[in-house]
Structures are given as structure tokens and as C-alpha cells.
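Undergrad: These protein sequence lines map, in sequence, to chains R and C. Residues 1 to 332 in our numbering are what the first sequence lists, from first letter to last. Residues 1001 to 1332 in our numbering are what the second sequence lists, from first letter to last. Beta carbons: idealized from backbone N, C-alpha and C, even for Gly. Computed from a prediction, not measured in an experiment: that's the story for all the values here.
2 protein chains.
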Amino acid sequence: MKRPTIHDVAAAAGVSRGTVSRLLNGDKYVSPAARVAIERAISETGYVVNRAARSLVTQRTGSVVMVLSEPHEKLFEDPNYSTLIRVAIRMLAERDLSLVMMMAGDEGDRERVVRYVRGGHADGVLLVSTHAGDPLVQALGSGGPPAVSVGAVIGHENVIPYAAADERLGARQMTEYFVRQGRRRIAMITGPMDTPGGIQRLEGFAEVLGRKATQRLIAHGDWTQASGERAMHELLERSPDLDAVFVASDLMAAGALAALRAAGRRVPDDVAVGGFDDSAVAVSTHPPLTTIRQPLAKMAQETMRLLFALLDGAGPVEPVVLPTELVVRESA
Amino acid sequence: MKRPTIHDVAAAAGVSRGTVSRLLNGDKYVSPAARVAIERAISETGYVVNRAARSLVTQRTGSVVMVLSEPHEKLFEDPNYSTLIRVAIRMLAERDLSLVMMMAGDEGDRERVVRYVRGGHADGVLLVSTHAGDPLVQALGSGGPPAVSVGAVIGHENVIPYAAADERLGARQMTEYFVRQGRRRIAMITGPMDTPGGIQRLEGFAEVLGRKATQRLIAHGDWTQASGERAMHELLERSPDLDAVFVASDLMAAGALAALRAAGRRVPDDVAVGGFDDSAVAVSTHPPLTTIRQPLAKMAQETMRLLFALLDGAGPVEPVVLPTELVVRESA
DNA sequence: AAAGCTTCTGTGAACGTGCACAGTAATCCC
DNA sequence: GGGATTACTGTGCACGTTCACAGAAGCTTT
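Dropping the structure here:
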């Protein structure tokens, strides 16, 4: 049995295609009588609009694509993505838009994404965790559908609107907390230095410590737990007398805790540990992590709002930067 | 500037639409000369096929929808979803299919999903974490596009093909491990009893312990960390002399560890703790969790393979059940 | 009473593609 | 050398919708 078309609905309601279409698209000029007849016809026939046909004429697709720019093996280790996806699905659903997911981990992926977007298969683009210098951003460039990002895209802050946490503020909050506690040798494990979280959390750290933030006290990770563990070992070797470490993500902090335990350091007695994110992992470690809460859901919401503004044809929109908050648990 | 169409490509290559279409769709009858001319024309014009137009005539959409059937607030707390999404995106991309995400947490969501699927907007459906008696399954019913599930859908095992871990086997492996270690009072924290993981892990547990698996030693959780903590407190109150607990997920086990610590029990000396999943959280707890590894990536792959078989018009396909594996760490 | 609004309706064209079909030229088989 | 087969190509139609336009009917204004 064939799926009913707008023709069938029109026939059943005794009106023309045009009137049905007007009702469907919220046009004001539909008489009350026609309205009820059509609504009954729709529910009787079980009619659902054919998006392909609509797309063909409107030049819109009714979908937004989320592009995840992490190498495959690392993707999603960070539980934060979950929140983004959840919020995005939800807010898109309210506008009857659907969420398409794509990865841009390697060259082939990127080409596929560019083809997809430039081919007009999405009305908007939602960039996630895009690193500095990612060729994807250039390729998407202008002329395509509007793009926004969760967190700034380095080098394109003025081109791609974003909602982000105040990374510098968060880093300062944690570092100042250490200072207030009387910690003397404060180290840091950063994220990758081609991401805003990598760069700006280090900047905040350095702003507070000034000259005390020496290279010996800084090690770099790549957000993974394993890299946190590795970096902590490195720091312990270089600066055995450190008494605090600010780790730029909770997951890496979990790795750092393992390294400290292996080295026989007590947390927080010997070494205070501070994380960043306040993700689920922060409360499953031992001891639970003192960390910086990012308002992740709020960030996602604001990002979607920016996208909607662009979809609605608003002019240029301003980035949104949201405050972070220190959450004290037992690791510091 | 308008997007190039198949007409433009045909004109640039000096052939007709039909020939271009044949090349695009892998028809064998295209002369070598035409082939190179068209390929050059495509890259010169930057042509990308218009999916909407194609869908309209082929009645296919080129997309598969993943339906996440968890209440919103709980969704994604489980990091396992990440693996599913990653594998799905990847394998779909190889077939030039895209992944659309939808939630089915409440009645409104479910209706939207049904409309979407029955409206012909997806070529296939990928069910995730569908609970027993979910009306969605009925609503999708027959007549729609093929549906598969990661993990069995209770009550529809013979209708909806799935790939799953051998839940019973995993539960037996852990329970037998406890028994071999000489544990006497073995308790269990189950998942929700309307999911295969909830039911079958308990069955495996009971198979090994027989009459020793009493109600006093069994508590129920809902997969969340908080529920694991709550259930552990409950068990400690009911059966203070327990010396081992099998927890049906790592996340709940992390909660259980916190409860045990709060009660002053040492792990594994006083109480052995076993998890299930071998997810990322298993190595960030203290002590790291002895757990049952589910071959999650493999499960996802097999599920996709089943879906592809159905999309290719294969007859009925058989469910796939994959073995689990005991991973010994320090909690037991 | 004519002219101009407002409200509502129907109709034809267009969106870009795949597919069935018809048709052409070359090759092969006896 | 005539018929059948193979390799390839072009054309018209259909898919289901939106949109611009024309027009009808009722009401208000001049």
C-alpha cells in the first residue's frame, strides 16, 4: 500500500493541494472549515509530509549536522560529548529539525563532510572540538550554511560564533585556590596546545602564578586518561617536590591520581589535585576530584541558540562566554 | 551562484543526463571516454548529487536513524553509547549512509520517532537500550524499514534481530570467580528488571549460586552511579556479613565502592567487588574494577552487519550472541 | 454602484534525479 | 549477408512538494 501524499489528503478533505500545503506551513489564510476538514483527513490517512519533495523545492533539508573533529580512537572518551548530543537533539526536535552525526577524524572523513555540507545536505553545522588549523573550517568556509561551534575555534573566533566556558577564569579559580591553601610548588598538566581548553587554561594558570609557572612545572596531555598518567610521571620526575597539580580535565586527572598513587604520594596530603570539567568521572575517582565546573548544558544550549539565530537570518551574532565555578571535593 | 546539477555536468562532459546518472550509480554500460569526460566535469563543476531529488524517485533516504530509548536525564550517563555511535557512524559512512539521532524518552519523543520512521525518512532503524514493553516497538511494527537492536529487545527477540553479549555467561564468569576465591556471602546489584542486562545477569548469577542466591542478597539499580551507591547501602543493611558483591555495571560499581568506603569496608579485603562492561570508569576507580568485558565494538559491528543484510534484502537474519571475558584488576 | 481591500482558494510550473524505453552502432554467428 | 547479440547513449516521465499567481467572494470605502 502506498504512502498517502498531499494529494490524497486534499481529496479526502475536499480541498486543493495548495490549501493543505498552506495549513502545513502555517500560512494564515486557511478557513476554519478547511482547517478541521484537513486535520481530520491527515489523521485518517496517516499522512506524513515527504521531506525529500519538500527539500527539493525549498532548498532546505530540515537537518543539522554535528561534526566531531577528533581522531577516531580518541573520540568520545570524553563523556562531555554526551551532554552536547543530548541537548542538541532536544532543541532541534523542538524545531522539527533532525541531527545528523559525522566524524572528521581523517582526511577521507573531512572530504565526506565537506561534500555533504557543500552539497546542501544540511541547513546548519555544529562544530565540536575543532582543533586549530583544521582544514575543515577553511573548506566549509563561506557560501555554505551557517556554522557554529561549542567552544571557540582557534583562529576563527570572529568567523564562527561559539558558546564557551570562561577557560581562563576557571584556571585562575583553581590556581588561586591552591595558592590560598598555601601550596608552594604548583604544577600543571595541560590539554593539547591547539585547543582553546589547552591554551587558555594554561594562560589562566600562568596569570596567577606569574614567574613561578616555569616550564619544569608544566606538562602536556591530550585529554586522555593515559596521557594524564604519563604527564604526571613526567612531572614527578622533573619536580619531585611539587605539592599541587592542576590538571586541565577530569579524565586526565584520574590518570594523574593513578600515577601519584603509584609513586606513593598521598592526595591531598602530599599533593593536591585539581581537575576541570566536573564530569561524571570526578565523583568516581578516589578521592573524588576538586574540579572546575563547566556549565556544559548551558554551553550547548547557547550554541544552539546562536545557530537558530543564524538559521532565522539574524545578522552576525556575538560569541557567548559563560562563567565557571570551583567545586571542592576531597582531592584538594 | 547556483549549485551545479546533473544537467550541468552532462553539458560540460558533452553527454546526456542519463549517462552521468549511470556513472554515478555504478551501471556497467558507460564507455571509457564518457567516463573520463564525466569525471573531469564533476570535479570541475564541483558537482554533488542532490539527495532530496534522488530520494524522491528512489524512495530511499540514504540515512539510518538511531533511536535512544532512555529517559532524558539518564541518557548517556553510560559511556557505552559512545562506542555504539562511533562504530555506527563509521560503518554507515562506508556505505555513504548518514546517521540521524533521535531520542525516545517520553511520549512526545516517541510519536516524533514513529512519524519520522513511518513517514519514510529513514532506510533503517537502530534501536538502543529499548526496554521491555516499550510501545515504540509496536508502533514501528511491520511495514516500515528494517530495524535492528544493540542488545535484545525483550519480548521481541524473534522480531527484531540483535547482536548482544552473552549476559548470562558474563554473570556466571564473575560469580564463579567469587566462588573459586572462597567468598561465602555473595550479593548482587542488578540493572533494571525490564532490560536484558538486568534480567539475564541476575539469571547467570542465580544459576551459579542456586539456593544461596536469596532475596536478601539481591538489590536493584537503574544503571546510574547513584543507584549503585543506594543499592549497596541497602545490601549492607540487610546483609552486613556479605563478603562479595557482583554489580551489573561498572558505573553502578563505582557507586557501590563509594558506599563500601563510607561504611568502612576495605575492598577487596573485606568485600570483593565485581563490575560489568569494562568501560572507561573501571580503571578510574580505586581500586580499579575487576569486571566483565563486553565486546562492545564487536556488538556494534555485528548489529550494523545485520542491518546491512536486511537493507540488502537478505531474508530473515539470526541474532548474534558474543562471549564475554573476565578482566581481573584489584577490586576482587 | 463602482472601486478597493481582505480573506480564502485552486492551478501550473519547477525543483533534480533515476528509470524504463527506444534507438544506434559495432560485432558476432552461422 | 541477414539476424541476433552486445555495448552504449539520449529522452520523457514520474516522484511529492512549495510557491507565485490569478481569481472568487464578501465587506468597506468613496
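Looking only at DSSP bridge pairs, what is D1277(C) linked to?
TA: Locating residue 1277(C) in the second sequence gives position 277, counting from the first residue. Bridge partners of D1277(C): R1293(C).
Undergrad: Which residues of the region 1210-1236 of chain C have a Cβ closer than 9 angstroms to any Cβ of chain R? Give them in chain order.
TA: Of all residues in the region 1210-1236 of chain C, Q1225 have a Cβ within less than 9 angstroms of some Cβ in chain R.
Undergrad: Closest to D1241(C) by C-alpha separation, out of R1185(C), G1221(C), R1168(C) and R1035(C), would be which residue?
TA: Your numbering for residue 1241(C) matches position 241 in the second sequence. Comparing Cα positions, the closest option is R1185(C).
Undergrad: Taking Cβ to Cβ, would you say E325(R) is nearer than 8 angstroms to R305(R)?
TA: Translated into positions along the first sequence, residue 325(R) becomes position 325. Translated into positions along the first sequence, residue 305(R) becomes position 305. The answer is no: Cβ separation not under 8 angstroms.
Undergrad: Does any C-beta atom of chain C lie closer than 8 angstroms to the C-beta of M102(R)?
TA: As a first step, residue 102(R) must be located in the first sequence, where it is residue number 102. Judged by the 8 angstroms Cβ criterion, M102(R) is in contact with chain C.
Undergrad: Would a C-beta distance cut-off of 8 angstroms place D166(R) and L322(R) closer than the cut-off?
TA: Looking up residue 166(R) in the first sequence gives position 166. Looking up residue 322(R) in the first sequence gives position 322. Closer than 8 angstroms, so yes.
Undergrad: So the beta strand (DSSP E) S1149(C) belongs to, where does it begin and stop?
TA: For the purposes of this step, residue 1149(C) is taken as residue 149 along the second sequence, with counting starting at 1. First-last of the beta strand (DSSP E) with S1149(C): A1147 to V1150.
Undergrad: Checking the sheet assignment: what are the DSSP bridge partners for L1126(C)?
TA: Mapped onto the second sequence, residue 1126(C) falls at position 126. M1066(C) and V1148(C), per the DSSP bridge assignment.
Undergrad: Along the chain, where does the beta strand (DSSP E) that runs through V247(R) open and close?
TA: Against the first sequence, residue 247(R) aligns to sequence position 247. Unbroken beta strand (DSSP E) run through V247(R): A244 to V247.
Undergrad: Looking only at its own chain, which residues have a Cβ that is under 7 angstroms from the Cβ of L297(R), when we skip the five neighbours before and after it?
TA: Within the first sequence, the letter at position 297 stands for residue 297(R). Checking the displayed sequence, the identity of residue 297(R) turns out to be Ala instead of Leu. For A297(R), where only same-chain residues beyond five positions count, the Cβ hits under 7 angstroms are T83 and V87.
Undergrad: By how many angstroms is the C-alpha of M174(R) removed from the C-alpha of R261(R)?
TA: Within the first sequence, the letter at position 261 stands for residue 261(R). Within the first sequence, the letter at position 174 stands for residue 174(R). Their backbone Cα atoms lie some 22 angstroms apart in a straight line.
Undergrad: DSSP three-state label for M193(R), please.
TA: Position 193 of the first sequence, counted from the start, is the residue given in the question as residue 193(R). M193(R): coil per DSSP, three-state reduction.
Undergrad: Is S98(R) close to chain C, meaning its C-beta is less than 8 angstroms from at least one C-beta of that chain?
TA: Stepping through the first sequence from its first residue, residue 98(R) is reached at position 98. S98(R) counts as touching chain C.
Undergrad: Spatial neighbours of Q1200(C) within its chain, please: C-beta separation below 8 angstroms, excluding the five flanking residues on both sides.
TA: Within the second sequence, residue 1200(C) is the residue found at index 200, counting from 1. These residues qualify, in order along the chain: E1167, R1168 and A1171.
Undergrad: Could you compute how far the alpha carbon of F1308(C) sits from the alpha carbon of P1145(C)?
TA: Here residue 1308(C) refers to the residue found at position 308 of the second sequence. Here residue 1145(C) refers to the residue found at position 145 of the second sequence. Taking the straight line joining both Cα atoms gives about 12 angstroms.
Undergrad: Can you tell me where the alpha helix (DSSP H) with L235(R) in it begins and where it stops?
TA: The residue given as residue 235(R) occupies position 235 in the first sequence. First-last of the alpha helix (DSSP H) with L235(R): Q225 to R238.
Undergrad: Taking 8 angstroms as the CB-CB limit, is Y81(R) close to chain C?
TA: The sequence position of residue 81(R) within the first sequence is 81, counting from 1. Chain C contact via Cβ: present.
Undergrad: Between the region 268-290 of chain R and chain C, which residues of the former have CB atoms less than 9 angstroms from a CB of the latter, in chain order?
TA: If the cut-off is 9 angstroms between Cβ atoms, the region 268-290 of chain R has A280, V281, V283, S284, T285, H286, P287 and P288 near chain C.
Undergrad: What residue from E203(R), I42(R) and T130(R) has the CA that sits closest to T19(R)'s CA?
TA: As a first step, residue 19(R) is located in the first sequence; it is residue number 19 there, counting from the start. The shortest Cα separation from T19(R) among E203(R), I42(R) and T130(R) belongs to I42(R).
Undergrad: Could you compute how far the alpha carbon of T1329(C) sits from the alpha carbon of S1227(C)?
TA: Residue 1329(C) sits at position 329 when you count from the first residue of the second sequence. Residue 1227(C) sits at position 227 when you count from the first residue of the second sequence. Reading the sequence as shown, one finds Arg at residue 1329(C) and not Thr. Between R1329(C) and S1227(C), the C-alpha separation is close to 23 angstroms.
Undergrad: When we look at the beta-carbon of N80(R) and count the other beta-carbons within 10 Å, is it buried (16 or more) or exposed?
TA: Within the first sequence, the letter at position 80 stands for residue 80(R). By the 10 Å Cβ count, N80(R) comes out buried.
Undergrad: Who pairs with L1322(C) in a beta bridge, going by DSSP?
TA: Locating residue 1322(C) in the second sequence gives position 322, where the first residue counts as 1. L1322(C) is bridged to A1165(C).
Undergrad: What is the DSSP secondary structure of V317(R), counted as helix, strand or coil?
TA: The residue you call residue 317(R) lines up with position 317 of the first sequence. Coil at V317(R), not helix or strand.
Undergrad: Between which two residues does the alpha helix (DSSP H) harbouring S1082(C) extend?
TA: As a first step, residue 1082(C) is located in the second sequence; it is residue number 82 there, counting from the start. Looking at the DSSP string, the run of the alpha helix (DSSP H) that includes S1082(C) is N1080 to E1094.
Undergrad: In three-state terms, what does DSSP make of V1100(C)?
TA: Looking up residue 1100(C) in the second sequence gives position 100. DSSP places V1100(C) in strand when its eight states are reduced to three.
Undergrad: Heavy atom of the ligand NAP less than 7 angstroms from the Cβ of E1167(C), yes or no?
TA: In terms of ligand content, the structure shown is empty, and the ligand NAP therefore cannot be addressed.
Undergrad: Which of the three DSSP states is assigned to S1016(C) in this structure?
TA: As a first step, residue 1016(C) is located in the second sequence; it is residue number 16 there, counting from the start. Coil at S1016(C), not helix or strand.
Undergrad: Please classify A272(R): does DSSP put it in a helix, a strand, or coil?
TA: Here residue 272(R) is taken as the residue at index 272 of the first sequence, counted from 1. Strand.
Undergrad: From what residue to what residue does the alpha helix (DSSP H) around I1042(C) run?
TA: Locating residue 1042(C) in the second sequence gives position 42, counting from the first residue. Element bounds for I1042(C): P1032 to T1045.
Undergrad: From F1076(C) to V1009(C), what distance separates their C-alpha atoms?
TA: The residue labelled residue 1076(C) in the question sits at position 76 within the second sequence. The residue labelled residue 1009(C) in the question sits at position 9 within the second sequence. Bear in mind that a pLDDT of 49 at F1076(C), under 50, signals an unreliable position, so the number given afterwards is only what the model happens to contain. Their backbone Cα atoms lie some 45 angstroms apart in a straight line.
Undergrad: Which residues in chain C sit within 8 angstroms of G120(R), going by Cβ to Cβ distance?
TA: Your numbering for residue 120(R) matches position 120 in the first sequence. Those are R1003, V1048 and N1050, listed as they occur along chain C.
Undergrad: So which residues of chain C does S55(R) contact, with C-beta pairs closer than 9 angstroms?
TA: To locate residue 55(R), count along the first sequence from 1; it is residue 55. Result: N1050, R1051, A1052, A1053, S1055 and L1056.
Undergrad: Ignore the nearest five residues each way along the sequence and tell me which others in R216(R)'s own chain have a CB closer than 8 angstroms to its CB.
TA: Within the first sequence, the letter at position 216 stands for residue 216(R). Within the same chain, R216(R) has close Cβ partners R238 and S239.
Undergrad: Less than 8 angstroms between the C-beta atoms of A1034(C) and V1048(C), yes or no?
TA: For the purposes of this step, residue 1034(C) is identified with residue 34 of the second sequence, where counting begins at 1. For the purposes of this step, residue 1048(C) is identified with residue 48 of the second sequence, where counting begins at 1. Not closer than 8 angstroms, so no.
Undergrad: Go to A219(R), then tell me how far its beta strand (DSSP E) extends in each direction, as first and last residue.
TA: For this step, residue 219(R) is matched to residue 219 along the first sequence. Per DSSP, A219(R) belongs to the beta strand (DSSP E) from I218 to H220.
Undergrad: With contact counted as at least three CB pairs below 8 angstroms, one residue from each stretch, are the region 1138-1155 of chain C and the region 1175-1183 of chain C in contact?
TA: Judged by Cβ distances under 8 angstroms, the region 1138-1155 of chain C makes no contact with the region 1175-1183 of chain C, as fewer than three pairs qualify.
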